[in-house]
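**Q** So for the sequence shown, full-length UniProt numbering puts the first residue at 1; every next one is plus one. Glycine included, each C-beta is placed from N, C-alpha and C at the ideal position.
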Amino acid sequence: MKPSLKKLLIHHEGLRLNPYVDSLGYPTIGVGHKIKPITHAKAMELLQEDIDIATDFAMKFRWFDKLSKVRKDVIVSMIFNMGLKRFKTFKRMITALQRGDFCTAGDELVDSQYHVQVGQRAEDLADMLRTDMRM
Numbered sequence: 001m002k003p004s005l006k007k008l009l010i011h012h013e014g015l016r017l018n019p020y021v022d023s024l025g026y027p028t029i030g031v032g033h034k035i036k037p038i039t040h041a042k043a044m045e046l047l048q049e050d051i052d053i054a055t056d057f058a059m060k061f062r063w064f065d066k067l068s069k070v071r072k073d074v075i076v077s078m079i080f081n082m083g084l085k086r087f088k089t090f091k092r093m094i095t096a097l098q099r100g101d102f103c104t105a106g107d108e109l110v111d112s113q114y115h116v117q118v119g120q121r122a123e124d125l126a127d128m129l130r131t132d133m134r135m
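The structure is reproduced here in structure tokens:
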């Protein structure tokens, strides 16, 4: 596509980096790109990409490799949900994880604003940390 055509389309369509509803009521993003439903397979592909990203972030913690599969899944789930920056604010939980004190780590998870926000999800994850058993 020629740069001049891109400029013309951006001029007429606008450039939006966040989703919006266009003049005909369609969810749209970018330069007039309609957001369409996706297949189950595509949703699973996107999920795997996001899991891979969260796992890469989790692996930055030296103690992560020493965790069981269940406890690794808890950490990846939290990073997936809240992002690495917010996860890093769980300093007491992270310190407990470094020490291998999984009961305290679970308690710290429940004693957080995150628990207030997500409720049962945080309780499930805390139980998984404490017991090393999947829900």
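1. Could you give the distance in angstroms between the alpha-carbon of residue 84 and the alpha-carbon of residue 48?
2. Using 8 angstroms as the Cβ pair cut-off and three pairs as the minimum, do the stretch 114–123 and the stretch 96–105 touch?
3. In angstroms with no decimal places, state the Cα-to-Cα distance between residue 97 and residue 74.
4. Measure the alpha-carbon distance for residue 128 versus residue 43 and round it to whole angstroms.
5. Buried or exposed: which applies to residue 14, given that a residue is buried once 16 or more other Cβ atoms fall within 10 Å of its Cβ?
6. What residue does the alpha helix (DSSP H) around residue 114 start on, and which one ends it?
7. Using a Cβ-Cβ cut-off of 8 angstroms (strictly less than) and excluding sequence neighbours within five positions of residue 122, which residues of its own chain qualify?
8. Can you tell me which of the three DSSP states residue 19 falls into?
9. Considering only the beta carbon of each residue, do residue 147 and residue 76 sit closer than 8 angstroms?
10. Roughly how many whole angstroms lie between the Cα atoms of residue 31 and residue 50?
11. Does the Cβ of residue 125 have 16 or more other Cβ atoms within 10 Å, making it buried, or fewer, making it exposed?
**A** The relevant details are as follows:
1. 17 angstroms
2. no
3. 11 angstroms
4. 26 angstroms
5. exposed
6. 113–118
7. 109, 110, 112, 114, 115
8. strand
9. Outside the modelled stretch of the chain, which goes from 1 to 135, sits residue 147, for which no answer is possible.
10. 24 angstroms
11. buried
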